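> Counting along the sequence shown from 1, when you hit position 27 you're at 29 in the working numbering, and nothing is skipped either side.
Please find one structure pasted underneath; my questions will follow.
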Amino acid sequence: MGEERLMDSVRSIVFKESETLEGTCPQIRGYDFNRGLDYAELLKSMASTGFQASNLGDAIEVVNQMLDWRLADEVLSEDCSEEEKDLNYRESVRCKVFLGFTSNLISSGVRETVRYLVEHRMVDVVVTTAGGIEEDLIKCLAPTYKGDFSLPGAYLRSKGLNRIGNLLVPNDNYCKFEDWIIPIFDKMLEEQSKENVLWTPSKVIARLGKEINDQSSYLFWAYKNNIPVFCPGLTDGSLGDMLYFHSFRKPGLVIDIVQDIRAMNGEAVHASPRKTGMIILGGGMPKHHICNANMMRNGADYAVFINTAQEFDGSDSGARPDEAVSWGKIRGSAKTIKVHCDATIAFPLLVAETFSKNANKYTKIAA
Numbered sequence: 003m004g005e006e007r008l009m010d011s012v013r014s015i016v017f018k019e020s021e022t023l024e025g026t027c028p029q030i031r032g033y034d035f036n037r038g039l040d041y042a043e044l045l046k047s048m049a050s051t052g053f054q055a056s057n058l059g060d061a062i063e064v065v066n067q068m069l070d071w072r073l074a075d076e077v078l079s080e081d082c083s084e085e086e087k088d089l090n091y092r093e094s095v096r097c098k099v100f101l102g103f104t105s106n107l108i109s110s111g112v113r114e115t116v117r118y119l120v121e122h123r124m125v126d127v128v129v130t131t132a133g134g135i136e137e138d139l140i141k142c143l144a145p146t147y148k149g150d151f152s153l154p155g156a157y158l159r160s161k162g163l164n165r166i167g168n169l170l171v172p173n174d175n176y177c178k179f180e181d182w183i184i185p186i187f188d189k190m191l192e193e194q195s196k197e198n199v200l201w202t203p204s205k206v207i208a209r210l211g212k213e214i215n216d217q218s219s220y221l222f223w224a225y226k227n228n229i230p231v232f233c234p235g236l237t238d239g240s241l242g243d244m245l246y247f248h249s250f251r252k253p254g255l256v257i258d259i260v261q262d263i264r265a266m267n268g269e270a271v272h273a274s275p276r277k278t279g280m281i282i283l284g285g286g287m288p289k290h291h292i293c294n295a296n297m298m299r300n301g302a303d304y305a306v307f308i309n310t311a312q313e314f315d316g317s318d319s320g321a322r323p324d325e326a327v328s329w330g331k332i333r334g335s336a337k338t339i340k341v342h343c344d345a346t347i348a349f350p351l352l353v354a355e356t357f358s359k360n361a362n363k364y365t366k367i368a369a
């Protein structure tokens with residue numbers, strides 16, 4: 003009898019009655035290949051697959067909410083302007099999208115995805131690193147090649163080949179870059195001296211986009227579509243090397259970062275009555291620069307982070323969206339998600355299920 007009571011107690015512990023999740027949580031279910039291959043359905047199934055596949059599915063949902071939002075969805079405020087009361091105007095006001103990415107993504111084939119978004123005016127503000135600028139321009143002059151992560155550094159150095167992960171960039175590419183960009187710096191210095199042009203990183207970037215005049219370049223399309231590209235660390239890369247060499251050859255070129263921080267923060271501060279959304283690939287400076295600008299407006303309304311960085315070391319790169327909420331960089335009511343994944347995998351899939359599916363809306367806006 004005592005043994006029986008003991009076993010009843012054990013059973014009650016092991017088989018503890020559970021609260022029902024029916025109707026409150028989606029069921030986990032993967033794609034059924036017995037139904038044939040349907041890529042749209044395969045991507046849709048990510049949301050119910052679990053782990054980072056589900057996070058990618060959630061990111062797709064957040065971005066689609068970002069793209070679907072219109073001012074007409076909001077209740078009229080008492081102090082709104084006469085223009086804001088006009089329904090046609092309210093239907094035309096959409097979310098302001100900030101896109102940030104690190105240089106390695108432009109070194110990779112994600113460059114073409116970024117170019118697509120900028121070409122079709124699907125994003126409003128871009129922030130990247132110096133490498134995210136120069137790699138786009140250099141690819142217009144010479145290609146990057148697929149190599150291997152395990153290629154020995156000393157061997158590659160002896161061959162004049164630079165490795166970015168499993169990508170290879172011949173040193174000759176940078177020689178071509180120097181030949182192309184130094185004469186442009188000469189012109190910029192002349193315009194500064196004769197016309198009192200005040201150069202900022204974003205103005206320099208726009209000028210380079212104009213000068214490259216190549217439709218494969220996202221910077222060309224940013225210039226053509228008047229989409230600002232910010233890079234507060236413009237000197238941290240080959241661009242900085244070129245500015246360094248130019249400063250000895252023809253000293254005097256000045257690039258003012260203060261005007262750009264006003265412009266960047268202004269993109270967020272003056273976004274109202276629009277909502278703002280952040281899509282940030284990787285971490286570092288682009289991530290913080292976009293988040294910090296949105297702090298000036300009491301936080302972004304949507305945020306999608308895609309990176310592989312971890313938060314245990316306190317890095318901003320690895321921080322989840324909720325940490326940004328504590329700083330006021332993302333609103334407490336915001337729709338947010340972080341996808342722990344290589345952006346070269348996740349981002350093209352996300353674009354396929356969001357921006358690309360909404361492409362007809364952007365055609366109307368551009369027209």
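Even for Gly, the Cβ is constructed at its ideal location relative to N, Cα and C.
Please read all numbers here as calculations on a predicted model, not as lab measurements.
Can the beta-carbon of Ile332 be found closer than 7 Å to that of Gly286?
In the sequence shown, residue 332 corresponds to position 330, counting from 1. In the sequence shown, residue 286 corresponds to position 284, counting from 1. Taking 7 Å as the Cβ cut-off, Ile332 and Gly286 do not qualify as a contacting pair.
> Put Thr146 into one of helix, strand or coil per three-state DSSP.
Taking the first residue of the sequence shown as position 1, residue 146 is located at position 144. Three-state result, Thr146: coil.
> Taking three-plus beta-carbon pairs below 8 Å as touching, is the stretch 213-226 in contact with the stretch 114-129?
Yes, since at least three Cβ pairs between the stretch 213-226 and the stretch 114-129 fall closer than 8 Å, the two stretches touch.
> At what residues does the beta strand (DSSP E) containing Thr130 begin and finish?
Within the sequence shown, the letter at position 128 stands for residue 130. Note, Thr130: beta strand (DSSP E), 127-130.
> Counting Cβ pairs, one atom from each stretch, are 3 or more of them under 8 Å apart for the stretch 248-264 and the stretch 76-95?
Flag = no, the stretch 248-264 and the stretch 76-95 do not touch.
> Given this structure, state the Cα-to-Cα distance separating Val128 from Pro154, to the nearest angstrom.
The count along the sequence shown starts at 1 and reaches residue 128 at position 126. The count along the sequence shown starts at 1 and reaches residue 154 at position 152. Their backbone Cα atoms lie some 35 Å apart in a straight line.
> Give me, in chain order, the residues of the same chain whose beta-carbon lies closer than 8 Å to that of Ala224; leave out the 5 immediate sequence neighbours on both sides.
Reading the sequence shown from its first residue, position 222 is the one you call residue 224. Here the set comprises Val120, Val128, Ile207, Ala208, Gly211, Pro230, Val231.
> State the start and end residues of the unbroken alpha helix (DSSP H) segment that holds Ala336.
What you label residue 336 is simply residue 334 of the sequence shown in a count that begins at 1. Run containing Ala336: none in the alpha helix (DSSP H); it sits in the beta strand (DSSP E), 332-342.
> Do Ser110 and Thr346 have their C-beta atoms within less than 7 Å of each other?
The residue labelled residue 110 in the question sits at position 108 within the sequence shown. The residue labelled residue 346 in the question sits at position 344 within the sequence shown. Cβ distance < 7 Å, so Ser110 and Thr346 count as in contact.
> Would you call the stretch 320-334 and the stretch 33-52 touching, i.e. three or more CB-CB distances under 8 Å?
In short, these stretches do not touch, since the Cβ pair count stays below three.
> Leaving out five residues before and five after Val171 in sequence, what residues of the same chain have Cβ atoms less than 7 Å from its Cβ?
For this step, residue 171 is matched to residue 169 along the sequence shown. The residues are Thr146, Asn164.
> Is Gly32 buried or exposed, if buried means 16 or more other CB atoms sit within 10 Å of its CB?
Indexing the sequence shown from 1 puts residue 32 at position 30. With fewer than 16 Cβ atoms within 10 Å of its Cβ, Gly32 is classed as exposed.
> Any chance you could list the alpha helix (DSSP H) runs of at least 4 consecutive residues sitting entirely within the stretch 233-294, in chain order?
Within the stretch 233-294, the complete alpha helix (DSSP H) runs of at least 4 residues are 240-251, 259-271.
> For the alpha helix (DSSP H) that Pro28 lies in, which residues bound it at each end?
As a working note, residue 28 is residue 26 in the sequence shown. Where Pro28 is concerned, there is no enclosing alpha helix (DSSP H), given that its DSSP letter is neither H nor E.
> For Met244, collect the residues of the same chain with a Cβ closer than 8 Å to its Cβ; drop the 5 residues on either side in sequence, then sort them by chain order.
As a first step, residue 244 is located in the sequence shown; it is residue number 242 there, counting from the start. Phe179, Glu180, Ile183, Ile184, Phe187.
> The alpha helix (DSSP H) with Ala55 in it runs from where to where?
Here residue 55 refers to the residue found at position 53 of the sequence shown. Segment 53-70, the alpha helix (DSSP H) holding Ala55.
> Determine contact between the stretch 57-75 and the stretch 34-41, defined as no fewer than three beta-carbon pairs at a distance below 8 Å.
Flag = no, the stretch 57-75 and the stretch 34-41 do not touch.
> Quick one: measure Cβ to Cβ for Leu283 and Val65, integer angstroms, because I've assumed they're closer than 8 Å.
By 1-based counting over the sequence shown, the position of residue 283 is 281. By 1-based counting over the sequence shown, the position of residue 65 is 63. So it is not a contact: roughly 12 Å between Cβ atoms.
> Quick one: any contact between the stretch 190-209 and the stretch 137-146, if contact means 3 or more CB pairs under 8 Å?
Touching, no.
> Return the CA-CA distance between Tyr304 and Leu101, expressed in angstroms with no decimal places.
Against the sequence shown, residue 304 aligns to sequence position 302. Against the sequence shown, residue 101 aligns to sequence position 99. For Tyr304 and Leu101, the distance between alpha carbons rounds to 12 Å.
> Where Ala368 and Phe349 are concerned, what is the direct C-alpha to C-alpha distance, given to the nearest angstrom?
As a first step, residue 368 is located in the sequence shown; it is residue number 366 there, counting from the start. As a first step, residue 349 is located in the sequence shown; it is residue number 347 there, counting from the start. Reliability fails at Ala368, whose pLDDT of 43 lies under 50, so the model's placement of it is uncertain and the value that follows must be treated cautiously. C-alpha separation (whole angstroms): 23 Å.
> Report buried or exposed for Ser274, applying the criterion of at least 16 other Cβ atoms within 10 angstroms of its Cβ.
Sequence index remark: in the sequence shown, residue 274 carries index 272 (1-based). Counting Cβ neighbours within 10 Å, Ser274 comes out exposed, since fewer than 16 surround it.
> Does Ile140 come out as helix, strand or coil in the three-state DSSP assignment?
Mapped onto the sequence shown, residue 140 falls at position 138. DSSP places Ile140 in helix when its eight states are reduced to three.
> Pull the bridge partners of Ala361 from the DSSP assignment, please.
Working through the sequence shown from its first residue, we reach residue 361 at position 359. The partner list for Ala361 (beta bridge, DSSP) is empty, contrary to what the question assumes.
> In the DSSP assignment, find the beta strand (DSSP E) that holds Lys98 and state where it starts and stops.
Here residue 98 is taken as the residue at index 96 of the sequence shown, counted from 1. Residues 98-103.
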